[in-house]
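Chemist:
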Amino acid sequence: MNNNKCFKYAKMTLSDNLSVIIDADEYKYVTNYYNDTEKIRVDLTDNSYLDSENLKIVYGALIKQEYVQLDEALIESKRSIGHTLGYIDYSNNSCILSELVDLKIYRSNLEDRVPFAALIKTSLQFSEEPLKEKSLFTRYSNLTCMKNILNRQFILSCAYEFSAKDITKSNWTEYINNRKVLYVFKNSKLQYQIELVLNYDLRTN
94 MNNNKCFKYA KMTLSDNLSV IIDADEYKYV TNYYNDTEKI RVDLTDNSYL
144 DSENLKIVYG ALIKQEYVQL DEALIESKRS IGHTLGYIDY SNNSCILSEL
194 VDLKIYRSNL EDRVPFAALI KTSLQFSEEP LKEKSLFTRY SNLTCMKNIL
244 NRQFILSCAY EFSAKDITKS NWTEYINNRK VLYVFKNSKL QYQIELVLNY
294 DLRTN
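Counting with my numbering, you get residues 94 to 298 for the letters of the sequence shown.
1. Leaving aside the five residues before and after ASN140 along the sequence, list all residues of the same chain whose C-beta is less than 6 Å from its C-beta, in chain order.
2. How would you label GLY175, buried or exposed, when you count the other beta carbons within 10 angstroms and need 16 or more for buried?
3. Determine whether the beta carbon atoms of GLU159 and LYS104 lie at a separation below 8 Å.
4. Can you tell me where the beta strand (DSSP E) with VAL274 in it begins and where it stops?
5. Kindly give me the distance between the Cβ atoms of VAL151 and PHE100, rounded to whole angstroms, as I take these residues to be in contact under 8 Å.
6. Under the three-state reduction of DSSP, which class applies to VAL135: helix, strand or coil?
7. Taking the straight line between their C-alpha atoms, what separation do you get for SER216 and GLU222?
8. Return helix, strand or coil for ILE168, following the three-state DSSP convention.
9. Just verifying my parser: in three-state terms, what is the DSSP assignment at LYS121?
10. Could you tell me the alpha carbon to alpha carbon distance between VAL274 and THR138, rounded to whole angstroms?
11. From which residue to which residue does the beta strand (DSSP E) around ILE198 run?
12. How do the segment 261–271 and the segment 231–244 stand: do at least 3 beta-carbon pairs fall below 8 Å, yes or no?
13. In its own chain, which residues sit with a C-beta less than 7 Å from the C-beta of LYS262, not counting the 5 before and 5 after it?
14. Can you pull the DSSP bridge partners for VAL207?
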């Protein structure tokens with residue numbers, strides 16, 4: 094699977110018939126990791142490039158994991174405020190770290206995703222270009238990147254950014270364009286494709 098196809102996310106079936114959602118940009122990392130023998134598997138390195146000038150308002154879709162309910166994913170997303178987010182940059186063998194400073198969730202009639210606006214401290218750049226969304230997830234320091242990807246309860250699919258020098262945690266919601274949030278959500282390419290069955294218990298190995 095790659096970005097030349099009209100799918101951004103895949104439902105990957107695990108050996109126990111559970112499915113997990115992965116980003117097209119994570120697909121190569123996951124498949125290569127489990128094609129290697131267990132003795133030579135190498136995990137990604139966490140890298141942070143943050144400073145005080147990295148605050149951005151980001152819009153996109155919060156996507157729940159396959160094996161959790163949407164309400165569970167939303168509760169977990171609120172718990173993640175103030176904590177570290179990860180983004181897989183497999184071309185550089187790294188997981189780029191950001192910080193979820195604050196989060197605003199919007200209502201949706203869909204059962205698997207909702208619109209969001211977030212205040213994120215990040216060095217990443219986000220684009221509305223189709224299939225260029227970046228997937229951020231809560232990065233737990235006690236898990237490898239691989240376990241983290243396969244056990245995460247939600248993905249923040251980020252497709253738009255806005256920044257200004259005077260944005261702070263206390264005033265950032267004043268800068269949110271609610272119509273733009275819903276527009277970005279509606280136009281995100283979030284179709285799913287069942288791509289592969291791997292013969293591993295991915296969530297525990």
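Glycine residues also receive a C-beta, built at the ideal position from the N, C-alpha and C atoms.
Modeler: Taking the structure as given:
1. Position 47 of the sequence shown, counting from 1, holds the residue named residue 140. Excluding residues within five positions, the ones whose Cβ falls inside 6 Å are SER187, ILE189.
2. The sequence position of residue 175 within the sequence shown is 82, counting from 1. It counts as exposed.
3. On the sequence shown, residue 159 is found 66 positions in, with the first residue counted as 1. On the sequence shown, residue 104 is found 11 positions in, with the first residue counted as 1. It is a contact, given that the beta carbons lie within the stated cut-off.
4. Translated into positions along the sequence shown, residue 274 becomes position 181. Not the beta strand (DSSP E): VAL274 falls in the alpha helix (DSSP H), residues 271–280.
5. Reading the sequence shown from its first residue, position 58 is the one you call residue 151. Reading the sequence shown from its first residue, position 7 is the one you call residue 100. That pair is no contact at about 22 Å.
6. If you number the sequence shown from 1, residue 135 lands on position 42. Correct three-state label for VAL135: coil.
7. Taking the first residue of the sequence shown as position 1, residue 216 is located at position 123. Taking the first residue of the sequence shown as position 1, residue 222 is located at position 129. Rounded to the nearest angstrom, the two C-alpha atoms are 19 Å apart.
8. Walking along the sequence shown from the start, residue 168 turns up at place 75. It is helical.
9. Within the sequence shown, residue 121 is the residue found at index 28, counting from 1. Correct three-state label for LYS121: helix.
10. Indexing the sequence shown from 1 puts residue 274 at position 181. Indexing the sequence shown from 1 puts residue 138 at position 45. Cα to Cα, VAL274 sits roughly 32 Å from THR138.
11. Reading the sequence shown from its first residue, position 105 is the one you call residue 198. 187–198 is the span of the beta strand (DSSP E), which, as asked, contains ILE198.
12. no
13. Residue 262 sits at position 169 when you count from the first residue of the sequence shown. Taken in chain order, the residues that qualify are VAL194, ASP195, LEU212.
14. Start at 1 with the first residue of the sequence shown, and residue 207 comes out as number 114. DSSP, once it has assigned bridges, lists LEU155 as partnering VAL207.
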